[in-house]
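S.K.: Quick note, in the working numbering, the sequence shown goes up one by one and the last residue is 125.
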Amino acid sequence: MQLLTRLGSLSRQMSSATGVIANSIRNKLQNALQAKHMEVINESYMHNVPKGAETHFKVVVVSDLFDGLALIKRHRMVNDILKEELQNGVHALSIVAKTPQQWEVSDKVIESSPNCKGGFGK
Numbered sequence: 004m005q006l007l008t009r010l011g012s013l014s015r016q017m018s019s020a021t022g023v024i025a026n027s028i029r030n031k032l033q034n035a036l037q038a039k040h041m042e043v044i045n046e047s048y049m050h051n052v053p054k055g056a057e058t059h060f061k062v063v064v065v066s067d068l069f070d071g072l073a074l075i076k077r078h079r080m081v082n083d084i085l086k087e088e089l090q091n092g093v094h095a096l097s098i099v100a101k102t103p104q105q106w107e108v109s110d111k112v113i114e115s116s117p118n119c120k121g122g123f124g125k
């Protein structure tokens, strides 16, 4: 019984520890962009990093604020909002930034990220 309690406690600690950066990303993007839809996907497991790392993310953001903006400007907005995370441990950020109309036309489908090709000592 004591082992189960310790394992449950460890599990909660690990999930909260691994979600800190993802939660920060989610909160900052939601507050700044008033997203209609958002996904923050930790893709670190696809790379040669320690288990539980938060270094590689894909964000899907759908916002009216993107209307009329070129894709590069949308990406710059997202990068600017997340500059603290990008300077402090987030190694890679894949961005899908769409207007609500574009999101509907896309059938709400997001392409899979490619497998890791190296990095971190490979």
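A virtual CB, placed ideally from N, CA and C, is assigned to each residue, including glycine.
(1) Excluding sequence positions up to five away, which residues of its chain have a Cβ less than 8 Å from the Cβ of residue 92?
(2) Check residue 32 in the structure and name its three-state DSSP category.
(3) Let's test the definition: count the other Cβ atoms within 10 Å of the Cβ of residue 86 and tell me whether it reaches 16, buried, or not, exposed.
(4) Is residue 25 helix, strand or coil when you go by DSSP?
(5) What are the start and end residues of each continuous beta strand (DSSP E) run of 3 or more residues lying completely inside the region 33–65, in chain order?
(6) Jot down the residue ranges of each uninterrupted alpha helix (DSSP H) in the region 88–117, minimum 4 residues, whole runs only, in chain order.
(7) Give me the Cα-Cα distance between residue 114 and residue 75, rounded to the nearest whole angstrom.
(8) In whole angstroms, what separates the C-alpha of residue 28 from that of residue 119?
(9) If residue 44 sits next to residue 60, beta carbons under 8 Å apart, how far is it from one beta carbon to the other, in whole angstroms?
(10) Name the residue from 112, 116, 110, 101 whose alpha carbon lies nearest to the alpha carbon of residue 39.
M.R.: Once the coordinates are examined:
(1) Here the set comprises 24, 57, 58.
(2) DSSP places residue 32 in helix when its eight states are reduced to three.
(3) With fewer than 16 other Cβ atoms from the protein chains shown falling within 10 Å of its own Cβ, residue 86 counts as exposed.
(4) In the structure shown, residue 25 sits in a helix (DSSP, three-state: H, G or I).
(5) Runs found: 40–45, 59–65.
(6) Counting whole runs of 4 or more residues, the region 88–117 contains the alpha helix (DSSP H) stretches 103–108.
(7) So the alpha carbons of these two residues sit roughly 19 Å apart.
(8) Approximately 22 Å, taken between the alpha carbons.
(9) At roughly 6 Å, the Cβ-Cβ gap stays under 8 Å, so residue 44 and residue 60 are in contact.
(10) Considering only alpha carbons, the answer is 101.
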